[in-house]
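**Q** Structure incoming, see below.
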Amino acid sequence: MTQSVVVQVGQCGNQVGCRFWDLALREHAAVNKKGIYDEALSSFFRNVDTRSGGDGPGIYKGKICSLKARVRQSIKALLIDMEEGVVNEILQGPLRDMFDSKQLITDVSGSGNNWAVGHKLYGYQYRESIVEKLRKTAEHCDCLQCFFIIHSMGGGTGSGLGTFVLNLLEDEFPEVYRFVTSVYPSGEDDVITSPYNSVLAMKELNEHADCVLPVENESLFDIVNKINQMINSGKLGSTVKQNSLVTSSTGSVKTLQEKPFDAMNNIVANLLLNLTSSARFEGSLNMDLNEISMNLVPFPRLHYLVSSLTPLYTLADVNVPSRRLDQMFSDAFSRDHQLIQADPKHSLYLACALLVRGNVQVSDLRRNIERLKPSLHFVSWNQEGWKTGLCSVPPVGHSHSLLALANNTCIKPTFIELKERFMKLYKKKAHLHHYLQIDGMEQSCFSEAVSSLSDLIEEYNELDVTKGL
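Numbered by the UniProt record's numbering, the letters in the sequence shown go through residues 1 to 469 in order.
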């Protein structure tokens, strides 16, 4: 069995990671009702008898004693943040027993929304500690297949230290796939330096990641608002599970606007939940993570995959009727279900993966692909660029779900807008001095970063020119 390691960096990365582990536990609890430490759990968690001190003979099969994020097998978490707040919340929350001090790297002062502080200062300060923890994790893996990095692009720690960790992974584990989930700030972001941080981080993603799953805060916020409007209008059922994301301690319903970031983080966590489902459960056509990179990334730098989820309503724990199977496939290609502000149906596909969960047959997959193909534009040299996966276990409370990953030129406007926001600041040299006062940070870092982004945009332009030929 292959293993993966999750590296959560910064406030956003750790909040999303926390939601991911929470939802994963819910899934396994729904499938494993007897509370037995089975093969599915062994691929994801370790079973620790705390009476024996935690390791070695304390890890055993049988009745679940105390689950912890895997140290020896499958998905393991390393939590990194240069402020203690979010990590402390996790350690005081319901998931506190899943993590131990060996999995944490924290500081107290933060990165001050400055990529250079995260990358140049804290990166080199904590380099040895990060490498040591990653190596110890890898030593306990029989077949380490993939690193997942979860971070945001707008702040200092997620963008700076997150991409520093990405560089370390390439240096230390060059044969292990590097998947990055990057949360991009909106144009109205309250961090004025977020365009600098995002473009500086983009250069590192271009050069060192195998696959990047970009997610935009604006899209997440729109999705949460749509769900909330439908609940309030009565179009969705309003039965809410106790102790769920949208319930208070008394069980009464909260509106999603009260804590929008929790619901938004939940969407990203569900993206990862569906992406890793084949590694955690059986299926008639399970898809390895390395197959995603191999089949969806024809050119090294064009490794940005646009994701869409359906149904979206599982993400708010609202009980609603399941979507009809064919409608689910149609939804996955609609603008409303994309996790970035984009419309892939009107842009050019390089390749597309469909990861389906639940009681769905291969014939259903093929039928829907044939139905949708005439409305989608694929590059001429990869007209059959589909990759499919089937996992037999659906999300909790639903009969089936679908995650679509598209290598599509619709990502280009996101990068163009980011470059424009960067140039507005950079032309005035605004806030540059905060970055240049950090050792190792030079103005050439900015010019090289925007040049790298411009080159990426041009590669997408060259592909778009071929559309219809």
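Beta carbons are placed, not taken as given, at the ideal position from N, Cα and C, and that holds for glycine. This one's a predicted model, so the numbers in the text were calculated from it and none came from an experiment.
With H, G and I counted as helix, E and B as strand and the rest as coil, what does DSSP make of THR310?
**A** The residue you call residue 310 lines up with position 310 of the sequence shown. It is a strand residue.
**Q** For GLN338, which three-state DSSP category applies?
**A** On the sequence shown, position 338 is the one that residue 338 refers to. Looking at GLN338 - three-state DSSP - the assignment turns out to be strand.
**Q** Could you tell me which residues DSSP pairs with PRO214 in its beta bridges?
**A** Sequence index remark: in the sequence shown, residue 214 carries index 214 (1-based). PRO214 pairs with SER182.
**Q** Using a Cβ-Cβ cutoff of less than 7 Å, which residues in the same chain neighbour ASN368 once the five nearest sequence positions on both sides are dropped?
**A** Here residue 368 refers to the residue found at position 368 of the sequence shown. Here the set comprises ASP326, PHE329.
**Q** Just list the alpha helix (DSSP H) runs in the segment 135-187, keeping only unbroken ones of 4 residues or longer that don't cross its boundaries, in chain order.
**A** You should have 162-172.
**Q** Assign VAL450 to one of two classes, buried (16 or more other C-beta atoms within 10 Å of its C-beta) or exposed (fewer than that).
**A** Reading the sequence shown from its first residue, position 450 is the one you call residue 450. Counting Cβ neighbours within 10 Å, VAL450 comes out buried, since at least 16 surround it.
**Q** With distance defined between alpha-carbon atoms, name the residue in ARG357, MET423, ARG421, PHE422 nearest to VAL396.
**A** Looking up residue 396 in the sequence shown gives position 396. Answer by Cα proximity: ARG357.
**Q** Could you work out which residue in PHE422, ALA404, TYR435, HIS431 is closest to GLY187 when comparing CA atoms only?
**A** As a position in the sequence shown, residue 187 is number 187, starting the count at 1. The option with the nearest alpha carbon to GLY187 is PHE422.
**Q** Taking buried to mean at least 16 other C-beta atoms within 10 Å of its own C-beta, is PHE20 buried or exposed?
**A** Position 20 of the sequence shown, counting from 1, holds the residue named residue 20. The residue in question, PHE20, is buried, as its Cβ has 16 or more Cβ neighbours within 10 Å.
**Q** Examine the Cβ distances between the segment 122-130 and the segment 95-102 and report whether three or more of them are shorter than 8 Å.
**A** With the cut-off at 8 Å, the segment 122-130 and the segment 95-102 do not touch.
**Q** Taking the straight line between their C-alpha atoms, what separation do you get for residue 473 and GLY118?
**A** Look at the range of the chain in this structure, 1 to 469, and you will see that residue 473 is not part of it.
**Q** Below 8 Å, how does it come out for the segment 424-435 and the segment 183-202: are there three or more Cβ pairs, yes or no?
**A** A contact exists between the segment 424-435 and the segment 183-202.
**Q** Quick check: what's the CA-CA separation for SER249 versus HIS28?
**A** Within the sequence shown, numbered from 1, the residue matching residue 249 stands at position 249. Within the sequence shown, numbered from 1, the residue matching residue 28 stands at position 28. Unreliable placement is indicated for SER249, whose pLDDT of 27 sits below 50; the coordinate value is still reported in the next sentence. Computed Cα separation, rounded: 24 Å.
**Q** May I have a chain-ordered list of the beta strand (DSSP E) segments no shorter than 3 residues that lie completely inside the segment 397-464?
**A** As far as the segment 397-464 is concerned, its whole beta strand (DSSP E) runs of at least 3 residues are 400-408.
**Q** Roughly how many angstroms lie between the CA atoms of GLU139 and CYS410, to the nearest whole one?
**A** By one-based count along the sequence shown, residue 139 stands at place 139. By one-based count along the sequence shown, residue 410 stands at place 410. So the two alpha carbons sit approximately 40 Å from each other.
**Q** For a test of the three-state rule: what should DSSP assign to SER219, helix, strand or coil?
**A** Sequence index remark: in the sequence shown, residue 219 carries index 219 (1-based). If DSSP states are grouped into helix, strand and coil, SER219 belongs with the helices.
**Q** Quick check: the Cα distance between THR414 and SER347, rounded to an integer number of angstroms?
**A** By 1-based counting over the sequence shown, the position of residue 414 is 414. By 1-based counting over the sequence shown, the position of residue 347 is 347. Spanning the two alpha carbons is a distance of roughly 13 Å.
**Q** Quick test of your reading: GLN145 and LEU289, contact by CB under 8 Å. State the CB separation rounded to the nearest angstrom.
**A** As a first step, residue 145 is located in the sequence shown; it is residue number 145 there, counting from the start. As a first step, residue 289 is located in the sequence shown; it is residue number 289 there, counting from the start. That pair is a contact at about 6 Å.
**Q** Return yes when the Cβ of THR137 is within less than 9 Å of the Cβ of VAL16, no when it is not.
**A** Counted from its first residue, the sequence shown places residue 16 at position 16. Counted from its first residue, the sequence shown places residue 137 at position 137. For VAL16 and THR137, no; Cβs fall outside 9 Å.
**Q** Going by DSSP in three states, LEU289 sits in which element: helix, strand or coil?
**A** Position 289 of the sequence shown, counted from the first residue, corresponds to residue 289. If DSSP states are grouped into helix, strand and coil, LEU289 belongs with the helices.
**Q** Classify ILE192 as helix, strand or coil using the three-state DSSP reduction.
**A** Numbered from its first residue, the sequence shown carries residue 192 at position 192. Residue state, collapsed to three classes: coil.
**Q** If you count every other CB in all the chains shown that lies within 10 Å of the CB of ARG178, and 16 or more means buried, which is it?
**A** Position 178 of the sequence shown, counted from the start, is the residue given in the question as residue 178. Its Cβ being crowded by 16 or more others within 10 Å, ARG178 is buried.
**Q** With H, G and I counted as helix, E and B as strand and the rest as coil, what does DSSP make of CYS18?
**A** Translated into the one-based positions of the sequence shown, residue 18 becomes position 18. CYS18: helix per DSSP, three-state reduction.
**Q** Taking three-plus beta-carbon pairs below 8 Å as touching, is the segment 204-216 in contact with the segment 156-173?
**A** The answer is yes - the segment 156-173 touches the segment 204-216, with three or more Cβ pairs under 8 Å.
**Q** Would CYS211 pass as a contact of GLN3 if the rule is Cβ separation under 9 Å?
**A** In the sequence shown, the residue the question calls residue 211 occupies position 211. In the sequence shown, the residue the question calls residue 3 occupies position 3. No; because the gap between Cβ atoms is not below 9 Å, this pair is not in contact.
**Q** On the three-state DSSP scale, how would you describe LYS387?
**A** Position 387 of the sequence shown, counting from 1, holds the residue named residue 387. Correct three-state label for LYS387: strand.
**Q** Do the CB positions of LEU453 and LEU309 come within less than 9 Å of each other?
**A** The count along the sequence shown starts at 1 and reaches residue 453 at position 453. The count along the sequence shown starts at 1 and reaches residue 309 at position 309. It is not a contact, given that the beta carbons lie outside the stated cut-off.
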